[in-house]
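Scroll down for the structure; my scribbles are underneath it.
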Amino acid sequence: MTIAQGLNINLEAVLPVILTAMLALLVMALDFFVKKDNKAVLGYLSLIGLIIILPIAAVTVSPTAAFGAMVIADGYSAFFNAVFLIAAIFAVVLSLDYMKKIDSERGEYYYIMLFAVIGMMVMASANDLINLYVGLELMSMSFYVLVAMRRGSRGAEGALKYFILGAFSSGILLYGITYAYGFTGTTNLAEIARMGANLSSPNHYLLIAIIMLGAGFAFKIAAFPFHLWSPDAYEGAPTPVTALLSVGSKAAAFAFFLRFFAVSFEAFHPYWVTFLWALSAATMLFGAMVAIQQRNIVRMLAYSSIAHAGIILIGVVVKSGNAAAGIMYYLLVYAFMNTGAFAVVALLARGNGTGEAIADYRGLAARRPVLAFVMALFLLSLAGIPPTGGFTAKFFLLASAIEARYYWLAAIGVISTAISLFFYVKVIFYMYMKEPPEADPSAPVAAEPSALSYNIILLITALSTVALGIYPTPFMDMAIKAVKPLFM
Amino acid sequence: MHEIAASFPILSILVFFPAAGALLIIFFAKKEQFDLIRWSALGFALAEFALSLYLPFTFDSSNPGMQWVERGAWIERFGMNYILGVDGISLLLVLLTTLVTIICVLASWRDVKDKLKWFMALLLFTETCSLGVFMAMDLFLFYIFWEAVLIPMVFIIGIWGGARKLYSAVKFFVFTFVGSLFMLLGVLVLYFYHGHATGVYTFDVAVLFQNPVAPAVQFWIFMAFFLGFAVKVPMFPVHTWLPDAHTEAPTAGSIILAAVLLKLGSYGFLRFSLPLLPNASVQFAPLMMGISIFAIIYGALVTIAQKDMKKVVAYSSVSHMGFVMLGMFALNIEGIRGGLMQMINHGISTGALFLLVGMIYERTHTRTIGDYTGLFKVMPVFGVFFLITVLSSMGLPSTNGFIGELFILIGAFKAYPLYAVIAVVGVLLGAVYLLWLFQRVFLGDFVYRGKEELKDLKAREIISGGTLMVLIFWIGLCPKPFIRSMEASVNQVVRLVDTNYKKGLALAQASTPAASPSPTDASAAVVPAPGQPARDAAAQQAQAPAAAK
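Encoded structure:
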């Protein structure tokens, strides 16, 4: 085998990444020429670019391992790329108005966001631990900066916590990679899988690698007890960044680790399943229970996002084709419903950082009936009530758990869903059944002029949330087709 | 099963017509146009009722199977279908729902002033979802409607309710939602066991009826279904949301809750639990009947102690629904027929009681017994209506309540004579609280301290109440058409329970020799039918935490 064959250079496999990188560089270069109060132009440019890349990235290519099997471009990564791009498009649109509102409009904001997306894409198509690490760091570094974009102590606190804990967890993850490499002599996932399958008894070094990589993974998806950064980072970050962080970075982590656990360490399933089972159960219950006490809606959504991570983990534990498709479907729905909820939050937040308390939602239905309605829709979907996408997604995951006879995990998932009903419904009740706060001097009418961008986002997310609930067939088929090569 | 396909999608029209009406109201009526909203809501409700009358006129009462069936694939990969059908069991419930919605619109004519547009729309949405529950013949579709019906109801209680509306709405939501979630797990277990056993993965009820799962699995599925259905019925110990929800809901909300939503639970037991899980049903029957008897007596005793008229009616529901469940789990034709009959009767009588209590509350703004007495003298028509309803509710012969209770007691006596004897005490207690309520409010000298002048019923109220009075006597004096409409289907259910029970026993026996744990890999591909029982037995052991895998 010559070096060129071994490298297997295939630009098509990394086309979405290249295009996004070109876009990011273009935005970065233009940033020098755009005047300070005109930075929104960069946002529009990023938006148009992302919209163009979306169909290119979503095209399913036949699974090819490229660049010396570092990268694998398959239907699976294409599906996730689409999820990242959708989340990024929403985040950019939200930012256009929001960054102006909090008076932090800067050019670097947009291209850093694009770099974060590139990191996610690299993770989703990584077929090698080194490649994973590069993608993960690119994404994380970008997010550290993005979280700090909001001026003031809240943003700084969130960013610092995220950065310190994130750097620490990256270290652990890297340490885990060294163990895997030390034993198998390779960082390639397929090679590791082959080595693992040939072992007659479990290798302790590989187990350590699994645990350490698992801890890094748990950190990225904010699973209990690795969640400590997430409420502060979510609260401190500009809301569009929070939306992207909760959807995109979570999806990216799941995209890689599903490959990692289910494909590379398939042979170790009996060992890591115990670890992930407990992680999933604890995360679901913890997230749901702690969310109840939150007074700030962003913090509440942060804990809700922890609970959702726990539910999605069920799919990793189950490790079947249906479960993987369920995860993908869940993340797709989550991209819509969670972004929708954050869009409402961003719309109602005021420039000075108030308006995010749950109490501020009192009587919203009387003031803004349509807005309250879509928020109720997103919350019901997050709670998993039919006929919304949140229900269908949860249904697929629970069904896969029952199919594989994880009855207790499914039951815990149901209990967590039941608990989470409290805080979702609380907001709905505040909006519909409580009187609005009296004589609100700074009622959020300030957001009205640029309402068009919000209206578009809310319309798209709301319609998608309902459509994914009523007619999931095409997307579910897509997901099942995408995971087929992974699970024979 | 003799399924009759629909020549045109009458059931889909019936289900979605109210929702379409609600959307029209939302989009085209302005919120100040009260009259337009009221009349159009009434128009939609009446049109829906008229449409639903198509069913009894074309109903083939000799056919026990589903009629007007519509089938369509929905999510084929998972065997989810869009199947609607109505048989003798659901026919009367469908008609009850469409009728009660009219009453509800009339009851909230003046009662609801705030956000009237949304109220009427939600009422119509509730109708859509309830009809969907009664007609869905696919478990997944059923579950969607089952959960969806909660949302409009929670809003009705939470927005237009009384002083403790938030508490009641949350309690109602949480109780029913939690129960339903466990039911969902049960549905999934049933789906996968059926799939493993037969190779056919489907939520289609007609297919699921053919092959019951092994008794040991039925046990767990029954528990899951119980949590879902019993909360809605509501059965003792999960009934505590009911008094709060009923008391705090606006009149129309209470009516639709009592007349329709409570029926969803007992309907679920009858339609799904009994034929799908016959062995577990037989196994649980004594317990279920015991709980029902307890609910009858306990509900009646608690009712006696109430001071709020609405609470009286609410707690009496616990007692009456106890009768329904008692009849159903007698598991014989008389009992089930009586239970079904009593579901209709309870819908009519309790709906009427809530309607009447709502009328007096609208006038006096108090429901406390003792705030007024001797109303008969100033409101004779109202008094007569109330008396008729009370008599019907306590099951006096010549009213509808008698027919239902009689069948239930016969059925229970055939199954467990002792239970029937105890249940009779419940009937007596029912007479106590109902007659005592009537005596305290209507008889004696007229005393009323409030400022408002008490006027007798208006034409609108007489129409809405009168319709129910007519029904009370119609069913009471001439129950034949009603019983005949349900007869074939009820017999069919009993037969189905019987045959499925035997199939289940056969499965259990077949699995005993092979009970030693065979290696089960759940994620493996579907295995064809023979040799399945062993799998089921082994699965029983897999109930242990999956972590053990």
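Heads up: the sequence lines are chains A and B, in that order. The opening position of the first sequence corresponds to residue 1 in this note's numbering, with each subsequent residue numbered one higher. The opening position of the second sequence corresponds to residue 489 in this note's numbering, with each subsequent residue numbered one higher. Don't be surprised by glycine CBs; every beta carbon is placed ideally from N, CA and C. Since the structure is predicted, the reported quantities are computational estimates derived from the model, not experimental observations.
Taking 8 Å as the cut-off, decide whether the C-beta atoms of T1105 (chain B) and K720 (chain B) are in contact. Because chain B is modelled from 489 through 1037, residue 1105 (chain B) falls outside the range shown and cannot be assessed.
Using a cut-off of 8 Å between C-beta atoms, extract the partners of P472 (chain A) located in chain B. Going along chain B in sequence order, the residues near P472 (chain A) (Cβ under 8 Å) are I563.
Proximity of V878 (chain B) and L922 (chain B) at Cβ, strictly below 8 Å:
yes
- Close beta carbons around F79 (chain A), own chain, < 7 Å, minus the five adjacent residues each side: Hits under 7 Å: M328, M478, A479, A482.
Chain A contacts made by the region 635-648 of chain B, where a contact means CB separation under 9 Å: E635, A636, L638, I639, V642, F643, G646, I647
- Contacts of I513 (chain B) in chain A (Cβ-Cβ under 7 Å): Ordered by position in chain A, no residue passes the 7 Å Cβ test against I513 (chain B), which lies about 14 Å from the chain.
inquiry  = Going by C-alpha to C-alpha distance, which of B:L745, B:G756, B:S656 sits closest to L627 (chain B)?
reply    = It is B:G756.
Problem - Near-chain A residues of the region 656-684 of chain B - C-beta to any C-beta below 8 Å - result: A657, V658, F661, V662, F665, V666, L669, F670, L672, L673, L676, V677, Y679, F680
message = I'd like to know whether the C-beta of I632 (chain B) is nearer than 8 Å to at least one C-beta of chain A.
response = yes
Report the neighbours of L377 (chain A) on chain B: residues whose CB is nearer than 7 Å to its CB, in chain order. Residues of chain B passing the Cβ test: none, with the nearest at roughly 10 Å.
Straight-line Cα distance separating G964 (chain B) from M289 (chain A)
52 Å
Requested in this report: Would you identify the three-state DSSP class for L572 (chain B), choosing helix, strand or coil?
Outcome: strand
Subject >> Same chain, Cβ closer than 8 Å to E975 (chain B), neighbours up to 5 away in sequence not counted >> reply: Apart from the 5 residues on each side of it in sequence, E975 (chain B) sits with its Cβ closer than 8 Å to the Cβ of S549, G576, R825 in its chain, given in chain order.
message: Which of the three DSSP states is assigned to I470 (chain A) in this structure?
response: helix
Express the C-alpha separation of S807 (chain B) and A463 (chain B) in angstroms, rounding to a whole number. Residue 463 (chain B) lies beyond the range of chain B shown here (489 to 1037); nothing can be said about it.
key: Cutoff 8 Å: P231 (chain A) Cβ touching any chain B Cβ   = no
| query | Is it right to say C592 (chain B) is buried, meaning 16 or more other beta carbons lie within 10 angstroms of its own, or is it exposed? | reply | buried
*Neighbour-count burial assignment, W562 (chain B), 16 or more Cβ in a 10 Å radius*: So W562 (chain B) counts as buried.
I need the straight-line Cα distance from W229 (chain A) to G389 (chain A), nearest angstrom please.
28 Å
8 Å is my cut-off, CB to CB: does K943 (chain B) come that close to chain A?
no
* Asked: Is the Cβ of D360 (chain A) closer than 8 Å to any Cβ of chain B?
  -> no
In the structure shown, what three-state DSSP assignment does W556 (chain B) receive?
strand
*So, helix, strand or coil for F168 (chain A), using DSSP?*
helix
For N203 (chain A), would you say it is in contact with chain B, using Cβ-to-Cβ distances shorter than 8 Å as the test? Not a single C-beta of chain B is nearer than 8 Å to the C-beta of N203 (chain A).
Name the residues in the region 386-419 of chain A whose C-beta lies less than 7 Å from a C-beta of chain B; which are they?
The region 386-419 of chain A vs chain B, Cβ under 7 Å: P386, P387, L398, A399, I402, E403, A404, R405, Y406, Y407, W408, L409, A410, A411, V414, T417, A418.
### Message
So for T690 (chain B), helix, strand or coil by DSSP?
### Response
coil
**Asked** What residues from chain B crowd round M431 (chain A), counting only those whose CB sits closer than 7 Å?
**Response** Near M431 (chain A) there are no residues of chain B at all, since even the closest Cβ is about 11 Å away, more than 7 Å.
Worksheet item: So I644 (chain B) packs on G741 (chain B), CB below 8 Å; how close in whole Å?
Response: Distance from I644 (chain B) to G741 (chain B) at the Cβ level is roughly 4 Å; contact confirmed, criterion being Cβ atoms closer than 8 Å.
Worksheet item: With a Cβ-Cβ cutoff of 8 Å, do T616 (chain B) and F504 (chain B) count as a contact?
Response: yes
Original post:
Is the beta carbon of A494 (chain A) less than 8 Å from the beta carbon of Y162 (chain A)?
Top reply: Because chain A is modelled from 1 through 488, residue 494 (chain A) falls outside the range shown and cannot be assessed.
**OP:** Report back the beta-carbon spacing between V83 (chain A) and N131 (chain A) to the nearest angstrom; my notes put them in contact at under 8 Å.
**Re:** Not a contact, Cβ separation roughly 19 Å.
Give a yes or no on whether the minimum CB-CB distance between K653 (chain B) and chain A is below 8 Å.
-> yes
- prompt: Can you name the residues of chain B whose CB is closer than 9 Å to the CB of L380 (chain A)?
  reply: Per Cβ cutoff of 9 Å: I639.
Subject >> Neighbouring residues, chain B, relative to F425 (chain A) (Cβ below 7 Å) >> reply: Here the sequence assigns Val to residue 425 (chain A), which means Phe is not the residue at that position. Under the 7 Å cutoff, chain B gives V658, F661.
Identify every run of the alpha helix (DSSP H) within the region 875-918 of chain B, keeping only runs that are complete inside it and at least 4 residues long; order them along the chain.
-> Here the runs fully enclosed are 888-903.
Q | Cβ-Cβ distance between R368 (chain A) and P436 (chain A) below 8 Å | A | Contact check for R368 (chain A) against P436 (chain A) fails: the beta carbons are separated by 8 Å or more.
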